[in-house]
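Take the sequence shown: its letters are residues 1 to 226, numbered as in our numbering.
Here the structure is laid out as structure tokens; the discussion comes afterwards.
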Amino acid sequence: SREAEDGIEFVTGDLATGEGIELAVDGTETIVHCAGSPKGDENKARNLVRAASRAGAAHLVYISAVGADRIPIGGRVDRAMFGYFGSKLAAERIVADSGLPFTTLRATQFHELILTVAQQMAKLPVMPAPAGFRVQPVDADEVAARLVDLTLGEPAGLVPDMGGPRVYGAADLLRGYLRAHKRRRLIVPVWLPGKAARMFRAGANLAPEQAVGHRTWEEFLADLVS
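Structure (structure tokens):
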């Protein structure tokens with residue numbers, strides 16, 4: 001652990017193994033679980049819930065993903081490309097079944113995730129874009145502010161989703177990235193197989209009725225290159 005700074009005490013634990021987690025949460029009333037990863041979220045949630053239960057935590061707050069309950073993860077293709085959603089749903093269930101008072105917020109994809117994908121695709125001579133995919137990117141700071149409000153409130157279970165202000169086609173997001181960086185690439189639509197991809201094309205990852213975010217993809221990119 002690091003020394004306290006401005007009233008903050010830093011304690012290190014390993015959610016993957018559970019080592020140090022009981023010490024980290026000892027005496028803690030409210031826990032915000034934001035330590036996600038592409039794989040193994042359920043095991044990390046299980047280790048945290050076990051430690052939080054022993055500590056008698058009064059409120060466990062978890063950040064999940066819009067579509068976790070709607071995007072099926074069946075075969076190897078689904079698991080390889082969209083296993084994150086299945087892992088998030090499994091972690092949600094562990095939190096909900098823990099017996100601890102909890103709040104779970106599902107958010108759409110962060111701008112930073114879309115940026116990472118665009119940067120990787122821009123390294124190629126031709127940029128592939130999943131055909132029929134739409135994305136509703138949301139600002140991470142705005143989600144963080146919402147999490148703070150939920151953390152300071154009473155446990156509320158599964159709360160309404162949080163989405164960004166606009167829905168974009170996958171190719172439109174890539175075009176916006178290229179335009180902001182004054183670059184040119186050919187964008188080619190690619191049809192992705194599997195049940196999960198089919199649900200993506202149906203909009204299972206979107207929350208248009210909860211477009212409560214304010215910062216758009218264009219504004220995020222403008223701030224990035226300014």
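We put the CB at the ideal spot given by N, CA and C, even for glycine.
The C-alpha of I31 lies about 10 angstroms from the C-alpha of A24. Considering only P155, D6, D41, E218, the residue with the shortest C-alpha distance to P137 is E218. Put simply, the backbone Cα of R185 is about 20 angstroms away from that of L224. At a Cβ-Cβ threshold of 8 angstroms, R134 and L206 count as neighbours. In the three-state DSSP reduction, F133 falls in the coil class, being neither helix nor strand. Under DSSP, P128 shares a beta bridge with V188. Rounded to the nearest whole angstrom, the CA to CA distance from A145 to G36 is 18 angstroms.
In chain order, A57, A58, H59 place their CB closer than 8 angstroms to the CB of E29, counting only its own chain and leaving out the 5 sequence neighbours on each side. Cβ-Cβ distances below 7 angstroms link P165 to A211, G213, H214, T216 in the same chain, with the five nearest sequence neighbours on each side left out; the list follows chain order. Under the three-state reduction of DSSP output, E92 falls in the helix class. Taking a contact as a CB-CB distance under 8 angstroms, the pair A91 and D41 counts as one, their CB atoms being some 4 angstroms apart. Collapsing the DSSP output to three states places T104 in a strand. Inter-residue distance for D78 and A52 is about 32 angstroms (C-alpha atoms, whole angstroms). Contact between the stretch 167–187 and the stretch 64–71 is absent, with fewer than three C-beta pairs closer than 8 angstroms.
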